[in-house]
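Engineer: I am attaching a structure below and will ask some questions about it afterwards.
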Amino acid sequence: RFVVTPNEIDKERPFIARSIEFTRKAYALDRFEEREFSAGEDLSLEEVRKNDATMRNVRLWDHQPLRTTFAQLQEIRTYYDFVRVDNDRYRVNGTYRQVSLSPRELNTGSLPSRNWINEHVSFTHGYGLCLGPVNESTPDGLPVLFIKDIPPVSTANIHVTRPEIYYGELASDYCFVKTHAKEFDYPSGAQDVYTTYQGAGGVPVQDIWRRLLFALKFGEKNILFSGDIDAESRLLIYRRVLERASRLTPFLSYDHDPYVVVSEDGSLYWMLDAYTTSSMYPYSEPYGDVGNYIRNSVKATVNAYNGEVRFYISDPTDPLIQAYARLFPGVFQPLSAMPQDLRAHIRYPEELFSIQAAMYAVFHMTDPRVFFNKEDVWRIAQSAARGQAAAMTPYYTIMKLAEVGTKEEFILMVPFTPSKKDNMIAWMAARCDEPNYGKVLVFTFPKQRLIYGPQQIESRIDQDTGISQQLTLWDQGGSKVIRGTLLVIPVEKSVLYVEPLYLAAEAGGGLPQLKRVIVSYSDNVVMETSLDAALTRIFGGAISTSTAQAAPSGALGAAQGAGATPGQARGRAPRSAADLRSLVQEANQHYERAQQLLR
Numbered sequence: 117r118f119v120v121t122p123n124e125i126d127k128e129r130p131f132i133a134r135s136i137e138f139t140r141k142a143y144a145l146d147r148f149e150e151r152e153f154s155a156g157e158d159l160s161l162e163e164v165r166k167n168d169a170t171m172r173n174v175r176l177w178d179h180q181p182l183r184t185t186f187a188q189l190q191e192i193r194t195y196y197d198f199v200r201v202d203n204d205r206y207r208v209n210g211t212y213r214q215v216s217l218s219p220r221e222l223n224t225g226s227l228p229s230r231n232w233i234n235e236h237v238s239f240t241h242g243y244g245l246c247l248g249p250v251n252e253s254t255p256d257g258l259p260v261l262f263i264k265d266i267p268p269v270s271t272a273n274i275h276v277t278r279p280e281i282y283y284g285e286l287a288s289d290y291c292f293v294k295t296h297a298k299e300f301d302y303p304s305g306a307q308d309v310y311t312t313y314q315g316a317g318g319v320p321v322q323d324i325w326r327r328l329l330f331a332l333k334f335g336e337k338n339i340l341f342s343g344d345i346d347a348e349s350r351l352l353i354y355r356r357v358l359e360r361a362s363r364l365t366p367f368l369s370y371d372h373d374p375y376v377v378v379s380e381d382g383s384l385y386w387m388l389d390a391y392t393t394s395s396m397y398p399y400s401e402p403y404g405d406v407g408n409y410i411r412n413s414v415k416a417t418v419n420a421y422n423g424e425v426r427f428y429i430s431d432p433t434d435p436l437i438q439a440y441a442r443l444f445p446g447v448f449q450p451l452s453a454m455p456q457d458l459r460a461h462i463r464y465p466e467e468l469f470s471i472q473a474a475m476y477a478v479f480h481m482t483d484p485r486v487f488f489n490k491e492d493v494w495r496i497a498q499s500a501a502r503g504q505a506a507a508m509t510p511y512y513t514i515m516k517l518a519e520v521g522t523k524e525e526f527i528l529m530v531p532f533t534p535s536k537k538d539n540m541i542a543w544m545a546a547r548c549d550e551p552n553y554g555k556v557l558v559f560t561f562p563k564q565r566l567i568y569g570p571q572q573i574e575s576r577i578d579q580d581t582g583i584s585q586q587l588t589l590w591d592q593g594g595s596k597v598i599r600g601t602l603l604v605i606p607v608e609k610s611v612l613y614v615e616p617l618y619l620a621a622e623a624g625g626g627l628p629q630l631k632r633v634i635v636s637y638s639d640n641v642v643m644e645t646s647l648d649a650a651l652t653r654i655f656g657g658a659i660s661t662s663t664a665q666a667a668p669s670g671a672l673g674a675a676q677g678a679g680a681t682p683g684q685a686r687g688r689a690p691r692s693a694a695d696l697r698s699l700v701q702e703a704n705q706h707y708e709r710a711q712q713l714l715r
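Following this line, the structure appears as C-alpha cells:
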C-alpha cells in the first residue's frame, strides 16, 4: 500500500510490458503491420472509375435477406434447406468476382413422411447450390444467380458436375446407400429421379455381424431386419462435416462456419478452418473460453460426395501443430499439397479475425504508461441499422489496398472507433489471396480530424428528410423496409459508405427485394435505385459497376442537374404515394408467386 500505490505505474511497468509483449505474440498481433490512412475528401471521378473492380464487388446482398430469398425461390421442396450464405471469390468468365453461395442441403426433419426408411435409406443427400454475384440484381430487385435450380443450371464458367451432398452441415447422423430401396436423387416435375451411390465413402456392411454391430450402435432394430440392406450396402456415418473432422483430430478446435467450394472438375468440397489453442501461454491475456493462445494452423477439406477428409498445415511456424504433426505422421500435409483449385478459395477465418480485432483494440498500445492509463483504447465500430447498436461483423470484400497492393484482392475487414466515441479511428484488413495470405494490415486515421464512423453515418441517413420520408412511406401498407449492413469501403486514400435497402411484404416472411442503395461520401448522403446511380450523382459522371441493376431504369444516367433535395435524385420528380404503393404491391406479388412455387 505504501510502496506500490504511490508509484503504481513505475512498479507495474515491467509486468505490463511483459503482458503486452506476450499477449501480442500469443494472438499473432505482433505480425500486424500498421499504416497511416489519410481519409481525404478529394476522391475524384477518375479514381472511382480506376477502382471499378472494388466498386463492382461491393456487397449489396446481405446474408439474411439473401438466405430468405434462396429459401423462397430455390429450396424447390420443403425438405431442402439453405443453412447459411457464405462469401467467396471466383474468376467468372475471366473477371475476378466476389460471390455469395449456399449449398442446398437435405433436412430430413422436414420430410413430408418421416419414417426410418425415408430418413436413413431413401432420402440420403442434398443437391447443388446457389451462387451469384454480391452486387447484382434483376429489374425486379431479386438476386442474379450464376448457378441455380435442380439439376444445376449455370450461366457462367462455373459448372457443378457432382451436385450430390452426402456430407454437410445438416446431414443426418447416418444413412445406408447401395440398398434395394430407391435412393431419391432430386425432384423433376411430377416424377422423382432416383440414383445409386457411386462413391467409395462409408463402411461396407458385408455380413450379419456388422449389421448387428451397427444396430447396437444406433439402437435401431431396422438395421438388422431391413430387407433393403445387403452385403453390398454401405453405411455413411459422421456425415456432419464439423463432427467428422473433429473426430479425426479432436485436439483441434474448429471454426463454426465451413463453406462450400466448387472445384475445377465440378465437385463440391467443404473447406474448414481449424485452430490450435492453449490456456498455458505465459503472461498472455485470455480471451473468453478460447484460452490465451490461438493459431489458424490447419485447413481441412471434406469431399461432399465421398466424405474424404484431408488436413493441410497453413501455419508451419506454430509449435503446437509441429508437435501434432510429429505425433501423428501422415495426417497433415503442407498447404502446397492442396490442389490449386481448392487453395485459391482459402479465406482468413472470420472467427479468428474477430478475436484478434477485439484483442488488438486494447493491445495495439505498446507503451506501458499509455496502456496503464487506457488512453487509446479502441472498440470494433458499432452500427445501429436495425434499431439497436451492436458491434459490426467483419465482412469480406474485393478491393485494392492503397499503397500496398497493385491489384484487387479478397480481404476480410472491420473498422474501429475509440472506446467511448463513434468516430472512426482505424480499419483492419486480413489478406486472403496468395502470396499474401495471412498478412494483416491496420490502417490508422489522423487523430486531429473527424472521420465519420458507421453509427454516425446511420444517424445522418436517419436525419435526411428525403430518405426518412420515403422509408416511412414504404413501411406502410403491408410492407417493411429492411436496412442492410452499412459497409465501409476504402477507395484510394478515401472512404465511402454503402448501405443497401430491401423491401418485403410484411405478411408471412415476405420476399426481400433490393430497391435502393444509400451512399455517403464526405458531406453527401444520397439514395438511388442502384450503386451506379448513387456514385454517378455524388461524383458528377457516369459510373458503371455491374451488368445488372437494382431497378429497371435510370441506373446509368449521366450526372443529374442541381437542385435536388437531400436523398433524392437531381432532376427527378419525387415519387408519389401511388408509386410507392405500386412497389409494395409488386413485393406482395413476388411473395405470392414464391408461395405458389413451393406448393
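Letter by letter, the sequence shown follows residues 117 to 715 of this note's numbering.
Yeah, the Cβ is synthetic: ideal placement off N, Cα and C, and Gly gets one too.
Since the structure is predicted, the reported quantities are computational estimates derived from the model, not experimental observations.
Does Asp204 come out as helix, strand or coil in the three-state DSSP assignment?
Structural biologist: strand
Engineer: When you compare only the Cα positions, how much space is there between Gly683 and Glu644?
Structural biologist: Only weak support is given to the placement of Gly683: the predicted model assigns it a pLDDT of 40, under 50, and the value that follows is read from those uncertain coordinates. The alpha-carbon atoms of Gly683 and Glu644 are separated by roughly 8 Å.
Engineer: Given a cut-off of 9 Å, decide if Gly423 and Tyr282 are closer than it, judged by their beta-carbon atoms.
Structural biologist: yes
Engineer: Whose CA, out of Thr194, Val208 and His179, lies closest to the CA of Arg172?
Structural biologist: Val208
Engineer: Leaving aside the five residues before and after Lys490 along the sequence, list all residues of the same chain whose C-beta is less than 6 Å from its C-beta, in chain order.
Structural biologist: Take Lys490, set aside five residues on each side of it, and no residue of its chain has a beta-carbon closer than 6 Å to its own.
Engineer: Write down every uninterrupted run of the alpha helix (DSSP H) in the stretch 574-616 whose length is 4 residues or greater and which is fully enclosed by it, in chain order.
Structural biologist: 581-590
Engineer: How big is the Cα-Cα spacing for Asp578 and Val597?
Structural biologist: If I take the Cα positions, the gap works out to 13 Å.
Engineer: Ile136 to Pro130, Cα distance in whole Å?
Structural biologist: 10 Å
Engineer: Which residues does DSSP pair with Phe448 in a beta bridge?
Structural biologist: Secondary-structure assignment with DSSP links Phe448 through a beta bridge to Phe427.
Engineer: Do Ser535 and Trp721 come within 9 Å of each other at the CB atom, strictly closer than that value?
Structural biologist: Nothing about residue 721 can be reported from this structure: the residues present for the chain run from 117 to 715 only.
Engineer: Does the Cβ of Gln472 have 16 or more other Cβ atoms within 10 Å, making it buried, or fewer, making it exposed?
Structural biologist: Burial is judged here by how many other beta carbons sit within 10 angstroms of a residue's own beta carbon; Gln472 has at least 16 and is buried.
Engineer: Short of 6 Å in beta carbon distance, which residues of its chain neighbour Ile462, apart from the five on each side in sequence? Order them along the chain.
Structural biologist: Lys415
Engineer: Pair every Cβ in the stretch 400-410 with every Cβ in the stretch 445-453, then say whether three or more of these pairs are closer than 8 Å.
Structural biologist: no
Engineer: Among the residues of its own chain, which have a CB less than 8 Å from the CB of Ala133, if the five just before and after it don't count?
Structural biologist: If we look at Ala133 and ignore the five residues flanking it on each side, its Cβ neighbours are Pro484.
Engineer: Per DSSP, Tyr310 forms a beta bridge with which residues?
Structural biologist: Phe300
Engineer: Pick helix, strand or coil for Ser362, following the three-state DSSP scheme.
Structural biologist: helix
Engineer: How many Å lie between Val724 and Trp386 at the Cα?
Structural biologist: The chain is shown from 117 up to 715; residue 724 falls before or after that span and cannot be answered.
Engineer: With C-beta atoms as the reference, is Arg220 less than 9 Å away from Leu245?
Structural biologist: yes
Engineer: Taking contact to mean 3 or more Cβ pairs, one atom from each stretch, closer than 8 Å, check whether the stretch 155-173 and the stretch 329-348 are in contact.
Structural biologist: no
Engineer: Do you know whose CA, among Leu176, Leu261 and Ser288, lies nearest Leu227's CA?
Structural biologist: Ser288
Engineer: Can you give, in chain order, each stretch of the beta strand (DSSP E) that sits fully within the stretch 241-294 and has at least 3 residues?
Structural biologist: 245-249 and 290-293
Engineer: Just to confirm my understanding: we take Thr482, look at its own chain, exclude 5 residues before and 5 after, and list those with CB closer than 7 Å. What are they?
Structural biologist: Hits under 7 Å: Ile136.
Engineer: Quick one: which unbroken beta strand (DSSP E) runs of 3-plus residues sit fully inside the stretch 472-539? Chain order, please.
Structural biologist: 494-496, 511-515 and 525-534
Engineer: I'd like the span of the alpha helix (DSSP H) that includes Ser135, first residue to last.
Structural biologist: First-last of the alpha helix (DSSP H) with Ser135: Glu124 to Ala142.
Engineer: Do you know how far the Cα of Leu619 is from the Cα of Trp590?
Structural biologist: 8 Å
Engineer: Does the pairing of the stretch 186-196 with the stretch 228-248 give three or more beta-carbon distances under 8 Å?
Structural biologist: yes
Engineer: Name the residue from Gln585, Gly657 and Glu525 whose alpha carbon lies nearest to the alpha carbon of Asn174.
Structural biologist: This sequence places Val at residue 174; Asn is not what is there. Nearest C-alpha to Val174: Glu525.
Engineer: Let me know if Glu280 comes out buried or exposed under the rule of 16 or more other beta-carbons within 10 Å of its beta-carbon.
Structural biologist: buried
Engineer: How would you call Ser229, buried or exposed, if buried means at least 16 neighbouring beta carbons within 10 angstroms?
Structural biologist: exposed
Engineer: When burial is assigned at 16 or more other CB atoms within 10 Å of the CB, is Gln572 buried or exposed?
Structural biologist: buried
Engineer: Helix, strand or coil for Ser238, going by three-state DSSP, please let me know.
Structural biologist: helix
Engineer: Nearest-angstrom Cα distance between Asp197 and Ala506?
Structural biologist: 28 Å
Engineer: What residues in its chain sit with their C-beta under 7 Å from that of Ala623, if we drop five residues either side in the sequence?
Structural biologist: Close CB contacts of Ala623 within its chain, under the 7 Å cut and outside five residues either way in sequence, are with Gly594 (chain order).
Engineer: Here's the rule: buried if 16 or more other CB atoms are within 10 angstroms of the residue's CB, otherwise exposed. What is Thr581?
Structural biologist: exposed
Engineer: Tell me where the beta strand (DSSP E) around Phe186 begins and ends.
Structural biologist: Where Phe186 is concerned, there is no enclosing beta strand (DSSP E), although the alpha helix (DSSP H) it sits in stretches over His179 to Leu189.
Engineer: Compute the distance between the beta-carbons of Phe559 and Ala546, then report whether it is under 9 Å.
Structural biologist: no
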